[in-house]
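Notes follow the structure.
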Amino acid sequence: MEVIIGSHVSFKKEDQLLGSIREALSYGANTFMFYTGAPQNTSRSELNEELIQKGLILMKENRIDQNNVIVHAPYIINLANPNNEDFSVSFLKEEMKRVEQLGMNKIVLHPGSHVGLGIEKGIEQITKCLNKVIDRTTKVMILLETMAGKGSEIGSTFEELKQIIDNINYSDKVGVCLDTCHMNDAGYSLENFDQVLEEFDRIIGIDKLKCIHINDSKNERGTHKDRHENIGYGTIGFDALMHVIYHEKVKDIPKILETPYVSCNDGGKDRTYPPYKFEIEMIRTQKKNPHLLEDIRQFYK
Ligand code: FE
Ligand code: FE
Ligand code: ZN
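Taking the working numbering as reference, the numbering of the sequence shown is continuous, increasing by one, and the terminal residue is 303.
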């Protein structure tokens, strides 16, 4: 079976989904993830039906399965903060309608930060909100992402995610997205991924796993930092990440890169270039490129 691998891509006003797919294809990806607008604000361009249809055709031509495509919810949504409840609930609902209109069926969500209320209260608030968002008619699945535990983030342990899921009325419409950088920073050992997966299966259930974000980490295990690094250039390392990607038990799960752009001073101008084409190549060949950053700069310059 071919690995299902892609990266975060942009979603621009002019060409919308069609542009996102073209970008993914330029990286040699067979899936992708995008925000339907700026992640940090609420301005959203109206979806263009023609661009959606053209996009879906281009996906079909390139055998990209809609079931493997992921939308990321904007991070201004914080379901754990009761002061923003109405906004967060309505904005997430709207966003999920957009996901559906775009022909996709999965949205990744950061569970939220409790901003001082404590984990228990935060989890209560999250489940309350999710129960307002998800009803019998909901078609888009919400994937709760595992977090690094930075600040007051909820969801850095499988137990916390399980507690949320258990309190959702329509829990069949909630899944989980693992993030390797976040897990490392939260204290999980990716070197022992077999064990971590067993733990996940025991606590949450492997059938809930729907997406994996593949990132190396700039920080040591357990530091609760959340700073992504390019594949093979961080503390998790190439071999451990390959073991995750090619693990038999997660072979059908889409893997998404969210690694940092490579910066470069090009003729006096500071530029950044996407690493994904070269990282996907390393992943497909299962061979670390020792000149990754140089190759990226050379290619895009
Ligand atoms: Fe995320
Ligand atoms: Fe992530
Ligand atoms: Zn992150």
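Glycine is no exception: its CB is placed at the ideal position from the N, C-alpha and C atoms.
- Residue burial is scored here from C-beta neighbours: Phe34 has at least 16 other C-beta atoms within 10 angstroms and is therefore classed as buried.
- Taking the Cα of Leu295 as reference, the smallest distance to any Cα among Ile285, Pro277 and Ile125 is reached at Pro277.
- Taking 9 Å as the cut-off, the beta carbon of Ile121 is found closer than this to the beta carbon of Ile156.
- Taking the Cβ of Asp272 as the reference point, every heavy atom of ligand 3 lies at 8 Å or farther away.
- Scanning its chain for C-beta atoms nearer than 6 Å, with the 5 sequence neighbours on each side dropped, one finds around Arg273 the residues Cys266, in chain order.
- Nearest in C-alpha terms to Glu51, of all of Gln18, Glu231 and Arg204, is Gln18.
- Contact between the segment 117-134 and the segment 168-182 is present: 3 or more CB-CB pairs across the two stretches fall below 8 Å.
- Contiguous alpha helix (DSSP H) elements confined to the segment 51-122 occur at 51-63 and 87-103, taking only those with 4 or more residues.
- Three or more Cβ pairs closer than 8 Å define a contact, and the segment 62-78 meets that threshold against the segment 25-43.
- Shortest gap from the CB of Tyr278 to any heavy atom of ligand 1: 8 Å or more.
- Between the alpha carbons of His230 and His112 lies a gap of roughly 16 Å.
- Under DSSP, Lys257 takes part in a beta bridge, and its partners are Ile7 and Ile214.
- Under the three-state reduction of DSSP, Met149 is assigned to coil, being neither helix nor strand.
- Separation of His10 and Asn194 (C-alpha to C-alpha, rounded to the nearest whole angstrom) is 26 Å.
- Look at His293 here: in three-state DSSP terms it is coil, with no helix or strand label.
- In the DSSP annotation of this structure, Asn267 is not part of any alpha helix (DSSP H); the continuous beta strand (DSSP E) holding it starts and ends at Val264 to Asp268.
- Between Lys99 and Val135 the beta-carbon gap is near 11 Å, outside 8 Å, which marks them as no contact.
- For His230, the CB falls within less than 8 Å of some heavy atom of ligand 3.
- For Asp181, there is no enclosing alpha helix (DSSP H); the enclosing beta strand (DSSP E) has its first and last residue at Val176 to Asp181.
- Going by DSSP, Tyr275 is part of the beta strand (DSSP E) stretching over Lys271 to Tyr275.
- In this structure, DSSP gives Phe34 an extended state, which the three-state scheme calls strand.
- The beta carbon of Asn107 is closer than 8 Å to those of Gln68, Asn69, Val101, Lys141, Val142 and Met143 in its chain, skipping five residues each way along the sequence.
- Under the DSSP assignment, Glu283 falls in the alpha helix (DSSP H) whose first and last residues are Tyr278 to Thr287.
- In the DSSP annotation of this structure, the continuous segment of the alpha helix (DSSP H) that includes Lys164 starts and ends at Phe160 to Asp168.
- The C-beta distance from Ala188 to Ala150 rounds to 5 Å, short enough to meet the 8 Å contact threshold.
- Scanning Ile66, Ser90 and Gly105 for the CA closest to the CA of Tyr77 turns up Ser90.
- Just measuring C-alpha positions, the residue of Lys62, Asn64, Ser92 and His116 sitting nearest Asn83 is His116.
- In the DSSP assignment, Ile205 falls within the unbroken alpha helix (DSSP H) covering Phe195 to Ile205.
- About 5 Å separates the CB atoms of His226 and Lys152; that is less than 8 Å, so the two are in contact.
- CA-CA distance, Phe13 to Gly224, rounds to 33 Å.
- In this structure, Ala26 has its beta carbon at no less than 8 Å from each heavy atom of ligand 3.
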